[in-house]
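Here's what the structure looks like:
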């Protein structure tokens, strides 16, 4: 009989940006193994906005690294040798500017990938030139017009 696959889930929250010329945001990512089966070679990838700068990354029992993906974008990666069944691991990232999406994967297949993704978008990644409150560099990165003035998601 084969053991059931581990079930990973992830959440991500962000603090309000600190005040000052280079506001910092603290992101808390929580990776949870929802099953009794241990997950091996667990990797969390957080893709920051182009203007974001990593200040610190802590992950008890994990290893934080800044790497480039195949598109030469900088990503923040945290690896864990394993995540025991019915347990969680917390990652704390402090950055200037915003991050958007994070994913978790492991060597074991997950039967439900829907909760292996989390995001928290926070301003402070750059100035905003219109009424929508989104940083201009974020809008540009995702093909939106940062000076539309419509106040509707940069459109």
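Residue numbers (this note's numbering): 1 to 155.
Ideal Cβ placement from N, Cα and C applies to all residues, glycine included.
This structure is a prediction, so every number in the text was calculated from the model and none was measured.
Nearest to residue i (by Cα), restricted to the options the options
i           : options             : result
residue 98  : 55, 44, 116 and 62  : 55
residue 65  : 71, 59 and 76       : 76
residue 89  : 33, 24 and 25       : 33
residue 86  : 30, 101 and 48      : 30
residue 38  : 19, 8 and 61        : 8
residue 15  : 67, 27, 83 and 73   : 27
residue 80  : 22, 45, 110 and 143 : 45
residue 83  : 120, 35 and 21      : 35
residue 73  : 52, 57 and 91       : 52
residue 118 : 110, 91 and 103     : 103
Length of the line joining the Cα atoms of residue i and residue j
i           : j          : result
residue 114 : residue 11 : 12 Å
residue 17  : residue 47 : 18 Å
residue 112 : residue 24 : 33 Å
residue 19  : residue 62 : 30 Å
residue 67  : residue 49 : 14 Å
residue 6   : residue 21 : 43 Å
residue 93  : residue 4  : 32 Å
residue 120 : residue 91 : 14 Å
residue 109 : residue 57 : 26 Å
Beta-carbon proximity of residue i to residue j, cut-off 8 Å
i           : j          : result
residue 107 : residue 40 : yes
residue 59  : residue 78 : yes
Cβ shell of residue i (< 8 Å), same chain only, five flanking positions each side left out
i           : result
residue 71  : none
residue 101 : 46, 47, 117, 118 and 119
Chain-order list of residues whose beta-carbon lies under 6 Å from that of residue i (same chain, five-residue window excluded)
i           : result
residue 105 : 43
residue 69  : 75
Nonlocal neighbours in the same chain, by C-beta distance under 7 Å from residue i, ignoring five residues either side
i           : result
residue 122 : 14, 17, 25 and 98
Exercise. Counting only runs that start and end within the stretch 17-56, where is the beta strand (DSSP E) found for 3 or more residues in a row?
Worked result: 24-33 and 39-48
For this session: Let me know the alpha helix (DSSP H) ranges lying completely inside the stretch 55-85, each 4 residues or longer, listed in chain order.
Result: none
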